[in-house]
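Engineer: Below: one structure in structure tokens.
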Amino acid sequence: MATSNLSEYDPGKIPTAVDMSFGIVVSDWNRDITWKLLEGAVSILKKHGVKGDNIVIEHVPGSFELPLAAQLLAEYKNVDALICLGCVIQGETPHFTYVCQGVTQGITQLNLKYNKPFIFGLLTTDTLQQAIDRSGGKHGNKGDEAALTAIRMVDIIRRLRG
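Each residue of the sequence shown is one higher than the one before, counting from 354 in the working numbering.
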């Protein structure tokens with residue numbers, strides 16, 4: 354379990370994202386949480402130089418739909434990386450496990466299929482409080498972290514490709 358604010362970082366160690374473009378797919382299920390993740394991701398992207406026109410946002414009904422929507426953005430929009438944001442909170446049935454496994458496998462497959470960063474920004478928590486703590490609460494905002502990861506991965510790809 355995290356014990357600190359995970360969104361704290363040294364901005365000087367993040368590459369400029371001025372000429373980068375990003376797609377963000379966000380689940381509307383648990384929107385009190387997921388929309389805060391979205392706000393965090395967009396704020397970080399803009400803070401590091403991404404123009405608003407270079408951020409494409411698509412909303413999907415639930416987390417299970419994240420991989421397909423991310424794939425569609427990769428196919429139809431010219432983006433350097435895709436950020437997938439959602440929240441699944443443990444309930445009384447195995448639904449949690451199936452959704453989390455499906456999304457995890459889907460996003461992993463997209464990374465490899467497209468050779469492009471698809472960032473896993475899915476909160477998988479036991480309680481609503483844990484989700485609140487990770488969407489702008491005492492453990493920071495995982496949306497921030499997803500955006501930072503996307504910027505760094507695009508930079509790695511560009512440096513390796515020369």
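Just so it is clear, CB atoms sit at the ideal spot from N, CA and C, and this is done for glycine as well.
In this text the structure is predicted, and so the values were computed from the model without any measurement.
Give the range of the beta strand (DSSP E) segment to which glycine 393 is assigned.
Structural biologist: No beta strand (DSSP E) contains glycine 393, which is instead part of the alpha helix (DSSP H) from 384 to 400.
Engineer: Given a cut-off of 7 Å, decide if glycine 459 and proline 420 are closer than it, judged by their beta-carbon atoms.
Structural biologist: yes
Engineer: Counting pairs of Cβ atoms below 8 Å between the segment 382 to 397 and the segment 481 to 489, do you hit three or more?
Structural biologist: Short answer: they touch.
Engineer: Between the C-alpha atoms of glutamine 424 and glycine 439, what's the straight-line distance to the nearest angstrom?
Structural biologist: Spanning the alpha carbons of glutamine 424 and glycine 439 requires a straight line of approximately 16 Å.
Engineer: Under the rule that 16 or more other beta-carbon atoms within 10 Å means buried, what is threonine 477, buried or exposed?
Structural biologist: Threonine 477 sits buried, since 16 or more C-beta atoms from the chains shown fall within 10 Å of its C-beta.
Engineer: Is it buried or exposed for asparagine 494, if we count other Cβ within 10 angstroms and need 16 for buried?
Structural biologist: buried
Engineer: Give the range of the alpha helix (DSSP H) segment to which threonine 457 is assigned.
Structural biologist: 448 to 467
Engineer: With distances taken from CA atoms, which of Thr480, Ile442, Gly474, Gln443 is nearest glycine 499?
Structural biologist: First, the amino acid is wrong: residue 499 is alanine here, not glycine. Ranking the options by Cα distance to alanine 499, first place goes to Gly474.
Engineer: On the premise that valine 507 lies in contact with methionine 373, defined as a C-beta separation below 8 Å, what is that separation, rounded to the nearest angstrom?
Structural biologist: 5 Å
Engineer: Can you tell me which of the three DSSP states glutamate 498 falls into?
Structural biologist: helix
Engineer: Can you look up glutamate 428 in the DSSP assignment and give me helix, strand or coil?
Structural biologist: helix
Engineer: I need the straight-line Cα distance from valine 379 to glycine 515, nearest angstrom please.
Structural biologist: 32 Å
Engineer: Excluding the five sequence neighbours on either side, which residues of its own chain have a C-beta within less than 7 Å of the C-beta of lysine 430, listed in chain order?
Structural biologist: Gly376, Val409
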